[in-house]
Amino acid sequence: MGNRCINFIRSTVIILITTLLLQGCASSKFQDNDPDLEDQPEQSEQLPEDTDIPDISGQPREDESENDAENDRGQDEADTSEERNDPEPIDLELVKPNEAGRIMVVMFHNFIEEYKKGDKLYTMTFDAFRELLDTLYVSGYRLISLNDYLNGHIDVPAGCIPMIFTFDDGTAGQFSFIEENGELRVNPKSAVGIMEEFSRVCPDFGLEGTFYVNLGNQTFGKTGTLQQRLQYLIDKGFEIGNHTYSHINLKTEAKTAEIIQKEIGGNQKRMYELVPGYAFTTFSLPYGQPSKELVQYVIRGEYEGIAYENKAIMEVGWDPAQSPFSVRFDPLSTHRVRSPGIEPVDQDLNWWLRNMKRSNEFVSDGDPNKVTVPESYADLVDQDRLGGRELVIY
Numbered sequence: 024m025g026n027r028c029i030n031f032i033r034s035t036v037i038i039l040i041t042t043l044l045l046q047g048c049a050s051s052k053f054q055d056n057d058p059d060l061e062d063q064p065e066q067s068e069q070l071p072e073d074t075d076i077p078d079i080s081g082q083p084r085e086d087e088s089e090n091d092a093e094n095d096r097g098q099d100e101a102d103t104s105e106e107r108n109d110p111e112p113i114d115l116e117l118v119k120p121n122e123a124g125r126i127m128v129v130m131f132h133n134f135i136e137e138y139k140k141g142d143k144l145y146t147m148t149f150d151a152f153r154e155l156l157d158t159l160y161v162s163g164y165r166l167i168s169l170n171d172y173l174n175g176h177i178d179v180p181a182g183c184i185p186m187i188f189t190f191d192d193g194t195a196g197q198f199s200f201i202e203e204n205g206e207l208r209v210n211p212k213s214a215v216g217i218m219e220e221f222s223r224v225c226p227d228f229g230l231e232g233t234f235y236v237n238l239g240n241q242t243f244g245k246t247g248t249l250q251q252r253l254q255y256l257i258d259k260g261f262e263i264g265n266h267t268y269s270h271i272n273l274k275t276e277a278k279t280a281e282i283i284q285k286e287i288g289g290n291q292k293r294m295y296e297l298v299p300g301y302a303f304t305t306f307s308l309p310y311g312q313p314s315k316e317l318v319q320y321v322i323r324g325e326y327e328g329i330a331y332e333n334k335a336i337m338e339v340g341w342d343p344a345q346s347p348f349s350v351r352f353d354p355l356s357t358h359r360v361r362s363p364g365i366e367p368v369d370q371d372l373n374w375w376l377r378n379m380k381r382s383n384e385f386v387s388d389g390d391p392n393k394v395t396v397p398e399s400y401a402d403l404v405d406q407d408r409l410g411g412r413e414l415v416i417y
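To convert, take the position in the sequence shown, counting from 1, and add 23; that gives this note's numbering.
Here's what the structure looks like:
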């Protein structure tokens, strides 16, 4: 795959690569400027509003900065205290940063060797995934962690576009071990294996992702222990999120608060048994949300003395997420874009790559201590979410 990445880049976008070397990602994905995204069709998986629970209406919440889990481990806040050299000044008119633009949070499920009859949505081949990584890299996308996104710590080169990978269900195609000469190693025929190899060739692309697991089901294959598989991902810097214990249908099967808390809290309890101290802080909805009256138990609850609290909830995908600096940012209703499958559909990742204009996307200014936006986006910036960062409007 490494040779493919290099050959693909050299043979198809030599001019772009020359520009990238000189300007970071400043000139990738050139498109005409547009105002904001056109309205996209709504779907039923959104969490409903409820005045008795934390605001999930799409507006920023006053207590967002205090909503992190108190555990010492798990998906902790990014440490932004490290000393770093100030980035070189950029030509704003060339780079055209827009840190109030949209960010694609991609939702992956199944990965297979080749398509079989019946494989449609949410399934892609390993070869297609390799090609996707090439395309994203050349187009100026760079991976960041979900936790860094939620905390507004977006540190990618000027002109680059951050992207987030999420993986639901803990399938073997996402990650598994194989055994060779008595030792465990990552299966090269898995999404993680492919990402690791790609990262060795293109390290600046990033090696990030959040895996949403159901620990009551078979998780990441059978080779090695479940504890070993989870610990490997954590040690590599990947994040693990809650997807319920058994992948229950929250819309049709979760009829009581007790059922929801058993599924979400029970998954957290099992995680503590496998990786002591690792607290889930984000949740991916299986099949959508429960009734309005029970939504509060998706956000927080308790099961057998184990408390949980989710600072972000992933929706079933259809459009890009809001900037963490936007007045429209709502972590409890984080929109995702579904991965490509054998049958192209509107609003999947390939559709957005073709149709989303650069001017609508979060284009980095290269400085995580600044938030830079064009004047047309200034009204979308939530001043309360800047967290001490300097706001630059041009």
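Using N, Cα and C, we set each Cβ at its ideal position, and we do this for glycine too.
query: Please report the residue range of the beta strand (DSSP E) in which Tyr-164 lies.; result: 164-166
query: Are the CB atoms of Ile-271 and Gly-324 nearer to each other than 8 Å?; result: no
query: DSSP three-state call for Asp-192: helix, strand or coil?; result: coil
query: In this structure, how does DSSP classify Arg-351 when only helix, strand and coil are distinguished?; result: coil
query: Less than 8 Å between the beta carbons of Ala-123 and Ser-346, yes or no?; result: yes
query: Going by DSSP, name the residue or residues bridged to Leu-414.; result: Val-394
query: Compare the C-alpha of His-266 against each of Ile-329, Leu-117, Glu-338 and Gly-328 and name the closest.; result: Glu-338
query: At which residues does the beta strand (DSSP E) containing Ser-307 begin and terminate?; result: 305-307
query: Are there three or more Cβ pairs, one per stretch, closer than 8 Å when the stretch 307-317 is compared with the stretch 140-158?; result: no
query: Given a threshold of 16 other Cβ atoms within 10 Å of its Cβ, counted over all protein chains shown, does Gln-197 qualify as buried or as exposed?; result: buried
query: Please state whether DSSP places Asp-407 in a helix, a strand or coil.; result: helix
query: From Glu-276, Asn-170 and Phe-200, pick the residue whose C-alpha is nearest to that of Phe-188; which is it?; result: Asn-170
query: Mind checking Gln-251: buried by the 16 CB within 10 Å criterion, or exposed?; result: exposed
query: Hey, Tyr-331 and Gly-288: beta-carbon distance below 8 Å or not?; result: yes
query: What's the call for Leu-117, buried or exposed, on a 16-neighbour Cβ count within 10 Å?; result: exposed
query: Where are the alpha helix (DSSP H) runs, 4 residues long or more, that stay fully inside the stretch 103-186, in chain order?; result: 115-118, 149-161 and 169-173
query: Alpha carbon to alpha carbon, what distance is there between Lys-245 and Thr-279?; result: 33 Å
query: Please report the Cβ distance between Glu-296 and Ser-269, rounded to the nearest whole angstrom; I am assuming they are in contact, meaning their Cβ atoms lie under 8 Å.; result: Actually they do not touch by this definition, with Cβ atoms about 16 Å apart.
query: In chain order, what residues of the same chain lie with their CB nearer than 6 Å to the CB of Leu-372, ignoring the 5 residues before and after it?; result: Val-129, Val-360, Ser-362 and Pro-363
query: Give me the Cα-Cα distance between Arg-408 and Phe-348, rounded to the nearest whole angstrom.; result: 6 Å
query: Please specify which runs of the beta strand (DSSP E), each continuous and at least 3 residues long, are wholly inside the stretch 284-352, giving them in chain order.; result: 305-307, 323-326, 329-332 and 335-337
query: What are the start and end residues of the alpha helix (DSSP H) that includes Leu-376?; result: 372-378
query: What separation, rounded to the nearest whole angstrom, lies between the Cα atoms of Trp-341 and Gly-247?; result: 35 Å
query: Whose C-beta lies closer than 7 Å to the C-beta of Pro-309 among residues of the same chain, with five residues either side of it excluded?; result: His-266, Thr-267, His-270, Ile-271, Asn-272 and Leu-273
query: Only counting the same chain, and skipping five residues up and downstream in sequence, which positions put a Cβ closer than 6 Å to that of Leu-115?; result: Tyr-417
query: Buried or exposed for Gln-275, please, with buried defined as at least 16 other CB atoms from any protein chain shown within 10 angstroms of its CB.; result: Going by the sequence as given, residue 275 is Thr instead of Gln. Looking at its Cβ environment, which holds fewer than 16 other Cβ atoms inside 10 Å, Thr-275 is exposed.
query: With a threshold of 16 other CB atoms inside 10 Å of the CB of Val-394, please say whether the residue is buried or exposed.; result: buried
query: Since Glu-219 is in the alpha helix (DSSP H), which residue starts that stretch and which ends it?; result: 214-224
query: When you compare the CB positions of Ile-263 and Leu-253, do they come within less than 8 Å of one another, or not?; result: yes
query: Alpha carbon to alpha carbon, how far is Asn-204 from Ala-344? Give it in angstroms, no decimals.; result: 44 Å
query: Using three-state DSSP, classify Phe-261 as helix, strand or coil.; result: coil
query: Judging by CA-CA distance, which residue of Leu-414, Cys-225 and Glu-366 is the nearest neighbour of Thr-146?; result: Glu-366
query: If we ignore side chains and look at the alpha-carbon of each, how far apart do Tyr-326 and Arg-293 end up?; result: 11 Å
query: Note down the Cα distance separating Val-415 from Glu-136, rounded to an integer number of angstroms.; result: 47 Å
query: Are the beta-carbon atoms belonging to Ile-167 and Pro-185 less than 8 Å from one another?; result: yes
query: By the three-class DSSP mapping on this structure, what secondary structure does His-266 have?; result: coil
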